[in-house]
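S.K.: In full-length UniProt numbering, the protein residues as written are 1 to 175.
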């Protein structure tokens with residue numbers, strides 16, 4: 001169904017939180033293009049959304065909910081690189097900053113930002129701390145993506161100025 005659903009047990013609609021979450025998931029322009037904006041029925045019996053739109057709506061629902069724990073199953077897999085980067089930085093790392101986030105992902109790039117990494121090797125879970133001091137524990141793929149992430153972070157100021165700032169205008173965290 002459509003409309004403004006609450007989450008995490010609190011059914012009071014928070015317009016500012018809703019707007020900030022939509023922006024952090026790169027959904028604002030998608031919602032604006034729908035026939036009845038955010039009241040448009042989507043899915044079965046309504047307008048169809050792309051895989052990336054469905055994934056961002058799910059991410060936004062998780063971000064809007066006020067739960068202390070968020071479990072995300074490959075939340076960025078259907079998104080292009082630019083949108084995935086924005087959603088990861090603005091939503092997962094910023095909007096959900098005060099919450100425990102558990103991410104299952106095929107992308108080793110996300111592991112570089114984690115406090116703790118559990119890598120599956122040969123069908124077994126191996127705990128790998130996500131600090132440079134223990135990089136030797138990373139698989140070659142993870143070592144490479146950590147170096148790529150560090151290189152990309154050095155380009156962030158250039159990217160932000162080219163994109164016009166890239167911020168969502170909202171406050172950080174879940175407050």
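From the three backbone atoms N, C-alpha and C, an ideal C-beta is built for every residue, glycine too. As the structure is a computational prediction, the values presented were derived from the model and not from experiment.
Our contact map puts residue 70 next to residue 99 with C-beta atoms below 8 Å; I'd like the distance itself, whole angstroms only.
M.R.: Against the chain shown, residue 70 aligns to sequence position 70. Against the chain shown, residue 99 aligns to sequence position 99. Indeed, because the Cβ distance is near 5 Å, the residues count as touching under 8 Å.
S.K.: For residue 16, name the three-state secondary structure that DSSP assigns.
M.R.: Numbered from 1 along the chain shown, position 16 holds the residue referred to as residue 16. Note: residue 16 maps to helix in three-state DSSP.
S.K.: At what residue ranges does the segment 35–90 contain a whole run of the alpha helix (DSSP H), taking only runs of 4 or more?
M.R.: Complete alpha helix (DSSP H) runs here, min 4: 51–64 and 81–86.
S.K.: Confirm, please, whether the CB-CB distance from residue 38 to residue 53 is below 9 Å.
M.R.: Residue mapping note: residue 53 aligns to position 53 of the chain shown, counting from 1. Residue mapping note: residue 38 aligns to position 38 of the chain shown, counting from 1. No, Cβ-Cβ distance for residue 53 and residue 38 is not below 9 Å.
S.K.: Out of 33, 60 and 56, which has the shortest C-alpha to C-alpha gap to residue 47?
M.R.: The residue you call residue 47 lines up with position 47 of the chain shown. Among 33, 60 and 56, the Cα nearest to that of residue 47 is on 33.
S.K.: Taking the alpha-carbon positions, what's the residue 105 to residue 42 distance?
M.R.: Sequence index remark: in the chain shown, residue 105 carries index 105 (1-based). Sequence index remark: in the chain shown, residue 42 carries index 42 (1-based). Roughly 26 Å separates the two Cα atoms.
S.K.: Nearest CA to the CA of residue 76: which residue from 26, 40 and 125?
M.R.: As a position in the chain shown, residue 76 is number 76, starting the count at 1. If we check each option's Cα against that of residue 76, 26 comes out closest.
S.K.: Applying the criterion that 16 or more other CB atoms from any shown protein chain within 10 Å of the CB defines a buried residue, is residue 55 buried or exposed?
M.R.: Within the chain shown, numbered from 1, the residue matching residue 55 stands at position 55. Buried, by the Cβ-count rule.
S.K.: Between which two residues does the alpha helix (DSSP H) carrying residue 33 extend?
M.R.: For the purposes of this step, residue 33 is identified with residue 33 of the chain shown, where counting begins at 1. Where residue 33 is concerned, the enclosing alpha helix (DSSP H) stretches over 28–33.
S.K.: Taking the alpha-carbon positions, what's the residue 35 to residue 51 distance?
M.R.: To locate residue 35, count along the chain shown from 1; it is residue 35. To locate residue 51, count along the chain shown from 1; it is residue 51. Those two C-alpha atoms are separated by around 19 Å.
S.K.: From what residue to what residue does the beta strand (DSSP E) around residue 104 run?
M.R.: Stepping through the chain shown from its first residue, residue 104 is reached at position 104. Taken as a continuous stretch (DSSP letters only), the beta strand (DSSP E) holding residue 104 covers 100–104.
S.K.: On the three-state DSSP scale, how would you describe residue 125?
M.R.: As a working note, residue 125 is residue 125 in the chain shown. In this structure, residue 125 counts as strand in the three-state DSSP scheme.
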